[in-house]
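Notes to accompany the following structure.
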Amino acid sequence: MSAVPLPESLRELVIGEVPYETRYTKKFEMRTPYVPPDPRHVRCVIPGIVLTVAVRKGMRVSGGDPLLVLEAMKMQNQVVSPHEGIIRAICVSAGDAVTKGQVLLEFE
Amino acid sequence: MSTTNKHVDFFRRKDHLVNGGANRASEKQMALGKLTARDRITALLDVDSFYEFDLFVEHRCRDFDMDKKVLPGDGVITGTGSIMGYPVCIYAQDFTVAGGSLGLMHARKITKIMDHAIKMGMPIIGINDSGGARIQEGVDSLAGYGEIFYRNTLASGIVPQISVILGPCAGGAVYSPALTDFVFVVDNISKMFITGPEVIKTVLGEEISMEDLGGARVHSEISGNAHFYARNELECFHKIKQLFTFIPWNNRKKAGRYPVKPPKAKFDIERIVPMDSRKPYDVRHVICALCDNSEFLDVHAGWAANIVVGFARIDGETVGIVANQPMVLAGVLDVDSSDKAARFIRFCDAFGIPLITFVDLPGYLPGVDQEHAGVIRHGAKLLYAFSEATVPKITVILRKAYGGGYIAMCSRHLGADFVVAWPTAEIAVMGPEGAANIIFRNEIASAADPAEMRRLKVAEYTEKFANPYVAAASGHIDAVISPAATRDFLIHAIQVSANKSESRPYKKHGIPPA
Numbered sequence: 003m004s005a006v007p008l009p010e011s012l013r014e015l016v017i018g019e020v021p022y023e024t025r026y027t028k029k030f031e032m033r034t035p036y037v038p039p040d041p042r043h044v045r046c047v048i049p050g051i052v053l054t055v056a057v058r059k060g061m062r063v064s065g066g067d068p069l070l071v072l073e074a075m076k077m078q079n080q081v082v083s084p085h086e087g088i089i090r091a092i093c094v095s096a097g098d099a100v101t102k103g104q105v106l107l108e109f110e
Numbered sequence: 311m312s313t314t315n316k317h318v319d320f321f322r323r324k325d326h327l328v329n330g331g332a333n334r335a336s337e338k339q340m341a342l343g344k345l346t347a348r349d350r351i352t353a354l355l356d357v358d359s360f361y362e363f364d365l366f367v368e369h370r371c372r373d374f375d376m377d378k379k380v381l382p383g384d385g386v387i388t389g390t391g392s393i394m395g396y397p398v399c400i401y402a403q404d405f406t407v408a409g410g411s412l413g414l415m416h417a418r419k420i421t422k423i424m425d426h427a428i429k430m431g432m433p434i435i436g437i438n439d440s441g442g443a444r445i446q447e448g449v450d451s452l453a454g455y456g457e458i459f460y461r462n463t464l465a466s467g468i469v470p471q472i473s474v475i476l477g478p479c480a481g482g483a484v485y486s487p488a489l490t491d492f493v494f495v496v497d498n499i500s501k502m503f504i505t506g507p508e509v510i511k512t513v514l515g516e517e518i519s520m521e522d523l524g525g526a527r528v529h530s531e532i533s534g535n536a537h538f539y540a541r542n543e544l545e546c547f548h549k550i551k552q553l554f555t556f557i558p559w560n561n562r563k564k565a566g567r568y569p570v571k572p573p574k575a576k577f578d579i580e581r582i583v584p585m586d587s588r589k590p591y592d593v594r595h596v597i598c599a600l601c602d603n604s605e606f607l608d609v610h611a612g613w614a615a616n617i618v619v620g621f622a623r624i625d626g627e628t629v630g631i632v633a634n635q636p637m638v639l640a641g642v643l644d645v646d647s648s649d650k651a652a653r654f655i656r657f658c659d660a661f662g663i664p665l666i667t668f669v670d671l672p673g674y675l676p677g678v679d680q681e682h683a684g685v686i687r688h689g690a691k692l693l694y695a696f697s698e699a700t701v702p703k704i705t706v707i708l709r710k711a712y713g714g715g716y717i718a719m720c721s722r723h724l725g726a727d728f729v730v731a732w733p734t735a736e737i738a739v740m741g742p743e744g745a746a747n748i749i750f751r752n753e754i755a756s757a758a759d760p761a762e763m764r765r766l767k768v769a770e771y772t773e774k775f776a777n778p779y780v781a782a783a784s785g786h787i788d789a790v791i792s793p794a795a796t797r798d799f800l801i802h803a804i805q806v807s808a809n810k811s812e813s814r815p816y817k818k819h820g821i822p823p824a
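From first to last, the protein sequence lines stand for chains S and A. The opening position of the first sequence corresponds to residue 3 in our numbering, with each subsequent residue numbered one higher. The opening position of the second sequence corresponds to residue 311 in our numbering, with each subsequent residue numbered one higher.
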């Protein structure tokens, strides 16, 4: 870290272990930090509306079992279980509008 | 009918059509800060230079009571004219006629003038202000779009193509501008998107305003779809005229020569670049200190500002400039800056404009977002574009040129014709800190005082390699020159490369990374 604070518009960017004094772009400021995927979470891959939920909390499901039906882009998409497990929580209910990346349900 | 009556009849017909849409619609247009289509053409072209095509064209739709509707000029004005004596083909969609909607005849008027532009070797300017496809005409309207896209692609690299977005341009319509060379947008007036806010809300439940989704600022700062941003229409027309001073009419002609004017005294080449390579400066000052009259036309000024591209003149000749910008993100290469530079380089190469590259970069931007966004394939576009270009390529290394960044910035290895470096240049495989840590890892780890040993080793590496002479010793650069001698060198390089010819093995076309 630099000892002397940078002029207001100047920020620090470290490339190859060297801290450079520079400005950020709007897009760079807007970037979101990376979060590693949690295998216990089933996330929504496309924004849409939840039509039906096929499972209940505490249910044991195997990989490939239907979890819920998501209507997106005028298509009914079946969301299936990626692996075997017990449902710990269902985060959405029928009729909910969901966005991309939103957690739909959680496994134990 | 007597001759006089025929003339009266002609003027009556013409007057009716020239007045276009209803006055009410024109007033609405003006209230939004927009000129009418005809006024835009008048404002952009030389006085009395416009000759109209197809004023009497009529649509042929017979469904949905369309047969009872007269649409003057079918909602678009097309023709030829000149800008500062420079011949151009132009079309302007007329929002006051059926919302500027695109029907088959509307599209055929556009494709006719585009064909004319390609044949005659004139630039084509399209002023877009349209509600989109004319739904009543159904698939005929879609056919119209397709025929325009086809010609945009045929014209690419033959004649300069300019799109001016002065109103909505939504859905399929956006792909014509996207296929053209330069897109101009105006604050609060331009709106571009594939799917509008309403569709997004219905389908996805996300709410966003038109301006935040596809306004002028978004496209000039976030998406990069627009190359030039203006605050109002007249400023936009001024910028178009400025661009025309730099570019040739077509790919068989050279850009016009202008009287030589020296750079302005306020840009002192000796005082712009700080010695400490961690300190920023505005590379545009270096450009202005070297080019004629310090006049530089910044392309894509607001987007991916970590690289600067644009047009200037050296000794009266147009040149294309590509320069790392240490003032923004330390001048790194990333997804957007690679795209921005690659596209510009290909324009210059297609239209015979020599390229001057100024190098000062620490390397590529690290980050998961960059890797996942495909910085590999995007970065490859820059290598491809520089290697593919056969126009004169002149490279000046100002300060840092490390690793892959050094190679990508038009190094000798990518076929540069002249590569020179300033005495402040550091051409090395990586920055001294990183290099010392790897090369002297064991010495540093086993030292009694690792921090002190590290400092010493960094200093040792800097002393030995952070200079232009190692690269010069291998002939990777041709010369080390002083900042003060740089303009004379550039003038010389442009002059001696006037007859450059470089032939490549035949191919139908290359396959650039996308």
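Glycine residues also receive a C-beta, built at the ideal position from the N, C-alpha and C atoms.
Under 7 angstroms from the C-beta of residue i: neighbouring residues of chain A
| i | result |
| --- | --- |
| Val20/S | Arg588, Pro672, Gly741 and Glu743 |
| Leu15/S | Leu639 and Ala640 |
| Arg25/S | Met637 and Val638 |
| Met77/S | Within chain A, no residue comes near Met77/S; the closest Cβ sits about 11 angstroms away, beyond 7 angstroms. |
Identity of the residue in the options nearest residue i by Cα
| i | options | result |
| --- | --- | --- |
| Asp356/A | Thr505/A, Ala690/A, Ser392/A and Met424/A | Ser392/A |
| Tyr716/A | Lys703/A, Glu736/A and Val701/A | Glu736/A |
| Glu580/A | Thr463/A, Ala795/A and Val629/A | Ala795/A |
| Pro572/A | Pro507/A, Ala622/A and Ser811/A | Ala622/A |
| Lys28/S | Gly87/S, Leu69/S and Ser11/S | Ser11/S |
| Cys479/A | Phe494/A, Trp613/A and Val380/A | Phe494/A |
| Phe696/A | Ala718/A, Ala783/A, Gly677/A and Val678/A | Ala718/A |
| Val642/A | His529/A, Val669/A and Ile351/A | Val669/A |
| Gly612/A | Val632/A, Ser530/A, Gly673/A and Leu675/A | Ser530/A |
| Ser336/A | Phe321/A, Asp364/A, Thr406/A and Arg323/A | Thr406/A |
| Arg797/A | Asn777/A, Thr705/A and Asn616/A | Thr705/A |
| Phe503/A | Ala633/A, Leu327/A, Gly482/A and Pro590/A | Gly482/A |
Same chain, Cβ closer than 7 angstroms to residue i, five either side skipped, listed in chain order
| i | result |
| --- | --- |
| Ser4/S | For Ser4/S, the pLDDT reaches just 42, beneath the cut-off of 50, and the residue's location in the model is therefore unreliable, although a value from the coordinates is still provided. Result list for Ser4/S: Glu14 and Pro21, in chain order. |
| Val830/A | Beyond the ends of chain A as shown, which are 311 and 824, falls residue 830/A; an answer cannot be given. |
| His610/A | Gly534, His537, Val619 and Lys650 |
| Val367/A | Gly383, Asp384, Met415 and Lys419 |
| Pro793/A | Ile579, Glu580 and Trp732 |
| Asp67/S | Val82 and Ser83 |
Neighbourhood of residue i by C-beta distance below 8 angstroms, restricted to the same chain and skipping five residues each side
| i | result |
| --- | --- |
| Lys574/A | Cys598, Asn603 and Ser604 |
| Ala417/A | Ser451, Ala453, Gly454, Tyr455, Glu457 and Ile458 |
| Thr101/S | Cys46 and Pro49 |
| Ala614/A | Gly534, Asp644, Asp646, Ser647, Asp649 and Lys650 |
Burial state of residue i (16 or more Cβ within 10 Å)
| i | result |
| --- | --- |
| Asp644/A | buried |
| Met637/A | buried |
| Thr314/A | exposed |
| Leu844/A | The structure shown has nothing for residue 844/A, since chain A only spans 311 to 824. |
| Ser411/A | buried |
| Gln78/S | exposed |
| Asp358/A | exposed |
| Thr388/A | buried |
| Arg370/A | exposed |
| Gln680/A | buried |
| Arg444/A | buried |
| Ala341/A | exposed |
| Glu516/A | exposed |
Neighbour list for residue i in chain A, Cβ cutoff strictly below 8 angstroms
| i | result |
| --- | --- |
| Pro49/S | Val513, Leu514, Gly515 and Glu516 |
| Leu12/S | Pro590 |
Residue i: contacting residues in chain S (beta-carbon distance under 9 angstroms)
| i | result |
| --- | --- |
| Ile532/A | Lys28, Lys29 and Met32 |
Chain S residues whose Cβ lies nearer than 8 angstroms to that of residue i
| i | result |
| --- | --- |
| Pro712/A | For the sequence presented, residue 712/A should be read as Tyr rather than Pro. Ordered by position in chain S, the residues that pass the 8 angstroms Cβ test against Tyr712/A are Gly18. |
| Asp679/A | Arg33, Thr34 and Tyr36 |
6 angstroms Cβ shell around residue i - same chain, five flanking residues per side excluded
| i | result |
| --- | --- |
| Glu770/A | none |
| Pro470/A | Pro433, Asp491 and Ile557 |
| Ser648/A | His688, Gly689, Lys691 and Leu692 |
| Val768/A | Pro742, Glu743 and Ala746 |
| Met376/A | Gln446 |
| Val729/A | Thr705, Arg722, Ile787 and Asp788 |
| Ser813/A | none |
| Gly409/A | Gly441 |
Amino acids of chain S, ordered along the chain, whose beta-carbon sits closer than 7 angstroms to that of residue i
| i | result |
| --- | --- |
| Val619/A | Near Val619/A there are no residues of chain S at all, since even the closest Cβ is about 15 angstroms away, more than 7 angstroms. |
For residue j and residue i, believed in contact at Cβ under 8 angstroms, the rounded distance
| i | j | result |
| --- | --- | --- |
| Leu70/S | Ala56/S | 6 angstroms |
| Lys344/A | Leu544/A | Not a contact, Cβ separation roughly 12 angstroms. |
| Tyr26/S | Leu639/A | 7 angstroms |
| Ser587/A | Lys710/A | 5 angstroms |
Where residue i meets chain A, residues with beta-carbon distance less than 9 angstroms
| i | result |
| --- | --- |
| Thr54/S | In chain order: nothing, as chain A lies at least about 18 angstroms away. |
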